[in-house]
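Residue numbers (mature numbering (1 follows the signal peptide of the UniProt record, and there is no 0)): -30 to -1, 1 to 755.
Just so it is clear, CB atoms sit at the ideal spot from N, CA and C, and this is done for glycine as well.
Note that the structure is a prediction, hence the values are computed from the model and not measured.
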Amino acid sequence: MAGRKMSATNNFLSLGIFVITLWNFTRSAAESGFIANYSKSSLFAVPNDLSTQTTVLDLSANSIYKLEISHFRSLPSLRVLILSHNSIRELDFGVFRHNNVLEHLDVSHNALRDVSGFPVKSLKHLDLAYNDFAAIPFFPKTTKLKYFGISARNLSKDNALVPLQLDTLFLDLENLDEYRPGSFLAFDAKTVRIVLPRNAKLRILPDLRLNGTESLELSKIPLAQAEDLRTFLARLDEKSTLVNLTIVDTKFSWRDLAGTFNGVGKSSINHLTVLYPTITTFDAGPFKNAAPALKSLTIQYVLLDTATFDQSIAYSTFANLNIDSFTISDSGILYVYCPETPSRFKYLNFKNNTLTDTMLKGCKNLTLLQTLILQKNRLEDLTKVSFMTTSMTSLSYMDVSQNQLYYKDGESQCNWGERITKLNLSSNKLTDAVFRCLPNKIQMLDLHSNQISAVPKDIVALTALKELNLASNRLGAFPGCGHFGNLQVLNVENNFILDQFSEFFHTCRNIRRLKGGRNPFGCHCELRQLINLQKQESVALVGWPEAYWCEYPSDLRGTLLKDFRISELECNVALLITVVLAVSLFVIAVVAFLCIRFDLPWYFRMMCRWSRVKHRIWKNKSEEIPESIQYHAFVSYSEHDANWVKTELIPNLEKEEGSLRICQHERNFIPGKSIVENIIDCIEKSYKSIFVLSPNFVQSEWCHYELYFAHHKLFSENADGLILILLESIPAYIIPARYYKLKALMAKRTYLEWPEDKRKHAFFWTNLRAALQVKLANPEEMKEL
């Protein structure tokens, strides 16, 4: 046991009771009214601007010295008033005459010397401790007080507390300076807490009488009164109702402490708690508590004030106590011995000491032990900890949290007690390998605040596991339940989970409670599974919706998951494909209908040709046109088609003055020349040659000559000088064999079809004019040359 310097408070348990009581009051008050906190505000008087709905008023730790009716008249709903640590000298309960629901009043740690008036009938908690009362004030039996704290410098036989029926009495006698021995001190309360006089000559323990008291706390017992304590304990026979004894901030020699344990073991006390004890001398050997009355012993915050302390004797003494429950915490003990004989221990708590994983090795005398707490020690090797429990055949719960535990996979196998069902391994240095070192029958496992990144795939199935806590680790995905088939409660809060839930949702069918908030969720499609989970009545999503928000993408950062929306179409691939196919089929159907109804392919072909023509014109815009070219086009046609050429073709091409010049044999052949010479001459003088194709065309010999010469020019000059207009369709079988050039041209070159639909005529002429558009020399200029 290592020495530790620690300051003990005079009212250790009073603080706990006060906090719990105050919490209950403030919680209910917060639900129905207002809490005004003016603690440590350097006030010299009660504020006069308080809300009339104030239910809890904290004025502690100020410099208030006087109370008046006007201070509290406007607070009819006041239930809790805290005035501790001020400078109040007088208290007249009449100042609270308008506070008919006041239940909790704390005026401790002031300078009160007297009180007057009777407490309000609603008052249940009154704390007047740590004041300067000469004697205990008198209060009528009709008061409804459940808790009463008081101080006194003079204690007499005529005890003013006798009429009160209390749940808890706190009596501060630390400054007692007058007491007549032999005056029986009788108290009637379920819980009595007494701070004993600082003056060791004032011995009140022998005169202490308790009526129906179940719990007693004695603080600051003088070292010289150890014998008085044993005398008091000796009177606690089987008729006594006292079962809980707490000793706070007391100095003991080892002999006195041993005597106290022995005295308690022979009394009616079942539970002994020793807080902030100081061991002054070590003057005796080990002792054994053979009496079965004592069931539990708790020792906390031990301070050694001797250099001759024999730790082995102390450890041996504690190991062989004949009790069910033993706690020694926050005391720096270095080692724990195994009991020499089979032990009664069912509960052992060694929290916050300096124990290592070499203790209790091979211990076979703890077969009845059910709970072992080794929290906050210096344990390191998880394998050694597991072997520590091998012989503890009844052990069901073990807490080894807040240590430095690690487990190296493959070095050795773990061997846990066969009945361990609850295990706390939180706040250690454990990694994924810990899942290969767990009790087979584990039902509740706490692994929060470790270094776990995933649950390995190759571990033994923990079919009994129902609760798993993996909060504050390094998980990147919700773990699956492939190894935990009966898992019902899972905590993965504060990890690094983005949106990987697929394995969890496929395998964790028995989850009833999930705590998965405070993760950096990526709000994408997969997250919808988690959002939909909170709608299921069978699963409780703890912390929803406040603890669940988007971290990625950046434009959604901070958005609560309940407000995140994404369409089914974006996430369902099958649905997306179905919709795309449906839309495609619809578009195809519409296009097909339009094509049939409005002959769109024809317009498309014409647009393509027009585009190619425009491209050629742009590409050849700098091309030099020979001066010999006088016509934009020479027209070759059958006489049977002359009417269309004269009424449609030439008028539409030459309808604008100075636009296009067309060479027609009837008006432009030179008389006197042969027909062949005129054909050749016209083709040579024309920029392009237009051939109007029809069944009549293939029957014309002259048309054949004209086509031949034009085709010859096309190849000799490497130009694109032919334009074919299909006036009527020409079946292939009616084209004579000698017209092989025509067949070749129609097979290789695109041609313009004369549309029967008049709506298409304008588009036809636009394409044809675009193909002939070129700047020729002015005829007048040609004459001058």
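Backbone CA spacing between residue i and residue j [nearest angstrom]
{"i": "D275", "j": "G528", "result": "56 Å"}
{"i": "W735", "j": "L694", "result": "13 Å"}
{"i": "L415", "j": "F14", "result": "54 Å"}
{"i": "Y367", "j": "L325", "result": "19 Å"}
{"i": "R49", "j": "L75", "result": "8 Å"}
{"i": "T22", "j": "I120", "result": "30 Å"}
{"i": "S629", "j": "F639", "result": "21 Å"}
{"i": "L141", "j": "L199", "result": "17 Å"}
{"i": "F(-13)", "j": "D97", "result": "Interpretation of F(-13) is limited by its pLDDT of 47, a score under 50 that renders its predicted location unreliable; the figure taken from the coordinates is listed afterwards. In a straight line, the C-alpha of F(-13) is about 10 Å away from that of D97."}
{"i": "M358", "j": "Y376", "result": "15 Å"}
{"i": "V605", "j": "S659", "result": "6 Å"}
{"i": "F466", "j": "R444", "result": "6 Å"}
{"i": "I536", "j": "Q413", "result": "38 Å"}
{"i": "S189", "j": "T183", "result": "17 Å"}
{"i": "R123", "j": "H55", "result": "19 Å"}
{"i": "D84", "j": "E197", "result": "35 Å"}
{"i": "F109", "j": "S126", "result": "16 Å"}
{"i": "F475", "j": "Q504", "result": "13 Å"}
{"i": "E618", "j": "N648", "result": "24 Å"}
{"i": "T287", "j": "S382", "result": "34 Å"}
{"i": "R(-4)", "j": "A441", "result": "Model confidence at R(-4) stands at a pLDDT of 44, short of 50, so the residue's coordinates are unreliable and nothing is read from them."}
{"i": "D207", "j": "F296", "result": "23 Å"}
{"i": "V404", "j": "T477", "result": "21 Å"}
{"i": "D428", "j": "G233", "result": "57 Å"}
{"i": "L172", "j": "P151", "result": "8 Å"}
{"i": "A81", "j": "E60", "result": "8 Å"}
{"i": "A204", "j": "I52", "result": "40 Å"}
{"i": "V355", "j": "N439", "result": "20 Å"}
{"i": "R163", "j": "E187", "result": "4 Å"}
{"i": "Q634", "j": "A562", "result": "42 Å"}
{"i": "R43", "j": "G446", "result": "60 Å"}
Presumed contact (8 Å Cβ cut-off) between residue i and residue j, rounded CB distance
{"i": "L72", "j": "V90", "result": "5 Å"}
{"i": "T243", "j": "T278", "result": "The Cβ separation is near 27 Å, so there is no contact."}
{"i": "D137", "j": "T113", "result": "With a Cβ gap of about 13 Å, D137 and T113 do not count as contacting."}
{"i": "F315", "j": "D294", "result": "7 Å"}
{"i": "D525", "j": "L497", "result": "The pair is not a contact, with the Cβ atoms about 15 Å apart (cut-off 8 Å)."}
{"i": "M362", "j": "L339", "result": "5 Å"}
{"i": "V370", "j": "L349", "result": "6 Å"}
{"i": "E540", "j": "C495", "result": "7 Å"}
{"i": "I249", "j": "F222", "result": "6 Å"}
{"i": "L212", "j": "L180", "result": "6 Å"}
{"i": "D327", "j": "D300", "result": "At roughly 20 Å, the Cβ-Cβ gap does not stay under 8 Å, so D327 and D300 are not in contact."}
{"i": "L45", "j": "N69", "result": "6 Å"}
{"i": "P449", "j": "V425", "result": "5 Å"}
Residue i (DSSP reduced to helix, strand or coil)
{"i": "I(-11)", "result": "In this prediction, I(-11) has a pLDDT of 45, which is less than 50 and means its spatial position is unreliable; what the coordinates show is noted afterwards. In this structure, I(-11) counts as helix in the three-state DSSP scheme."}
{"i": "G233", "result": "helix"}
{"i": "S659", "result": "strand"}
{"i": "N124", "result": "strand"}
{"i": "I645", "result": "helix"}
{"i": "A431", "result": "coil"}
{"i": "V26", "result": "strand"}
{"i": "S286", "result": "helix"}
{"i": "I249", "result": "strand"}
{"i": "C308", "result": "coil"}
{"i": "R83", "result": "coil"}
{"i": "H602", "result": "strand"}
{"i": "A159", "result": "strand"}
{"i": "A6", "result": "strand"}
{"i": "R739", "result": "helix"}
{"i": "F734", "result": "helix"}
{"i": "D137", "result": "strand"}
{"i": "V553", "result": "helix"}
Closer than 7 Å: residue i CB and nearest the ligand NAD heavy atom
{"i": "L692", "result": "With respect to the ligand NAD, the structure offers nothing, as it holds no ligand at all."}
(request) Starting from the N-terminal side, write out each stretch of the beta strand (DSSP E) that is 3 residues or longer and does not extend beyond the region 37 to 75. (result) Along the region 37 to 75, the beta strand (DSSP E) occurs as fully enclosed runs of 3 or more residues at 50 to 52, 60 to 62, listed in sequence order.
(message) Three Cβ pairs or more, each shorter than 8 Å: is that satisfied between the region 35 to 42 and the region 2 to 11?
(response) No, because fewer than three Cβ pairs between the region 35 to 42 and the region 2 to 11 fall closer than 8 Å, the two stretches do not touch.
(request) Say whether the region 453 to 465 touches the region 423 to 436, bearing in mind that this needs 3 or more beta-carbon pairs closer than 8 Å, one atom from each stretch. (result) Flag = yes, the region 453 to 465 and the region 423 to 436 touch.
(request) Taking only runs that begin and end inside the region 469 to 534, name each unbroken alpha helix (DSSP H) of 4 or more residues, in chain order. (result) Those alpha helix (DSSP H) runs which fall completely within the region 469 to 534 and span 4+ residues are 472 to 477, 498 to 503.
(message) Across the region 420 to 429 and the region 397 to 406, are there enough close Cβ pairs to call them in contact, namely three or more that are closer than 8 Å?
(response) Judged by Cβ distances under 8 Å, the region 420 to 429 makes contact with the region 397 to 406, as three or more pairs qualify.
(request) Can you check the region 173 to 223 for any beta strand (DSSP E) of at least 3 residues that lies completely inside it and give the ranges in chain order? (result) The beta strand (DSSP E) runs lying completely inside the region 173 to 223 and spanning 3 residues or more are 178 to 180, 185 to 189, 214 to 218, given in chain order.
(message) Suppose only complete runs of 4+ residues qualify. What are the alpha helix (DSSP H) ranges in the region 331 to 387, listed by chain order?
(response) The region 331 to 387 contains these whole alpha helix (DSSP H) runs: 352 to 358.
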